[in-house]
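A short write-up of the structure that comes next.
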C-alpha cells in the first residue's frame, strides 16, 4: 500500500526535484508558537516535517538544537503536546508526512505499544529513533509494523555497506543519510566526497535517500539534491526559531523550497 511518504516522493519525482524535509523542535520557543511555525513551514514549501521531541540529553545534536530543546522543556513542553500538535497539523494537512524524531529513552518510557497506538491516532507516518542501534531495535520493529508506521533507518559515512543493508532491511519510508561525521549543526560547507557517497547509497539500498546534518543554505540544498531524493534542513531553520525570528525561519524554508523547484 502506498503511504503518505511514498506518495510525496512520487510527487516530487514527477516534479523533477528532491523533497524538502524540515526538522522542527516541538515546543520551541513554546508549544503554541512551535505549532504556528510548523503550519507556516508546510504552507511555504516543506514536503515533510520531522517533529523533534525535546530531550534533556540530545547526544546527536549540536548547540542549536540543544538550545531549542532546552527552551521547549523550560516552556513546559511534554510528549502529550507533541501528540496533540501532530494531530492538529495532520487534520489541517492530510497529505503531509509527519516523522517523529526522538531519542529512544523517551519512546521506551512512554510504553512502546501504547506509543504505537498514540502515534497512529495522531497521524504520524514514521519514527526516527536517532540513538537506537540495529542490534537493539527488536522491540520497536513489531510495534511499527502493527500500527503501520515506518521505522526510518539512519546510515552514516562510517557505516560499512553490508551493515547498511542490514540496517535498511525491515525499515520503510526513506534512508536518513548523515552527511557529516559529528553532531547536527549549521555548516559552511559539506564534505567533497558527499556526492559520491550519496550515489553509492542510492544504488546500494532499496529506499529513497534523504541527506541531512549541516545543510544551511538554498545553494547547499540544491547541490545535495542533485545526488539525493530528499534534503533535510534542521539547525539552520531551528536557529531562527530559537532566536525568536519565526519569519526568518519561514523565509529560509521558502527560499530552499524555491531552489529545489
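In this note's numbering, the protein residues as written are 717 to 977.
Idealized CB from N, CA, C, for every residue including glycine.
Query                                                                                                    : Result
Assumed close pair residue 889, residue 832 - CB separation to whole angstroms, cut-off 8 Å              : About 16 Å separates the two Cβ atoms, so there is no contact after all.
Beta carbon of residue 802 nearer than 8 Å to that of residue 744                                        : no
Close Cβ partners of residue 834 (< 7 Å) along its chain, the five nearest in sequence each way excluded : 799
Simplified DSSP state of residue 818, which is helix, strand or coil                                     : strand
As assigned by DSSP and simplified to three states, the class of residue 742                             : coil
Nearest to residue 975 (by Cα), restricted to the options 965, 959 and 933                               : 933
Contiguous beta strand (DSSP E) assignments of at least 3 residues, all confined to the region 773-853   : 814-818 and 842-845
Residue range of the unbroken beta strand (DSSP E) whose run includes residue 767                        : 764-768
Distance, residue 928 Cα to residue 848 Cα                                                               : 17 Å
Burial state of residue 854 (16 or more Cβ within 10 Å)                                                  : exposed
According to DSSP, residues forming a beta bridge with residue 962                                       : Paired residue(s): none; residue 962 is not in a bridge.
Contact under 8 Å by Cβ, residue 966 with residue 756                                                    : yes
Between the CA atoms of residue 732 and residue 826 - distance to the nearest angstrom                   : 40 Å
CB contact flag (residue 822, residue 795, <8 Å)                                                         : yes
Coil, strand or helix - residue 755 by DSSP                                                              : helix
Where residue 928 sits in the DSSP three-state scheme                                                    : strand
Cβ distance (whole Å) where residue 764 is taken to contact residue 735 below 8 Å                        : 6 Å
Residue 813 vs residue 724 beta-carbon contact at 8 Å                                                    : yes
Rounded distance between the beta-carbons of residue 954 and residue 781, thought under 8 Å              : 6 Å
Rounded distance between the beta-carbons of residue 880 and residue 920, thought under 8 Å              : 6 Å
8 Å Cβ shell around residue 797 - same chain, five flanking residues per side excluded                   : 742, 743 and 747
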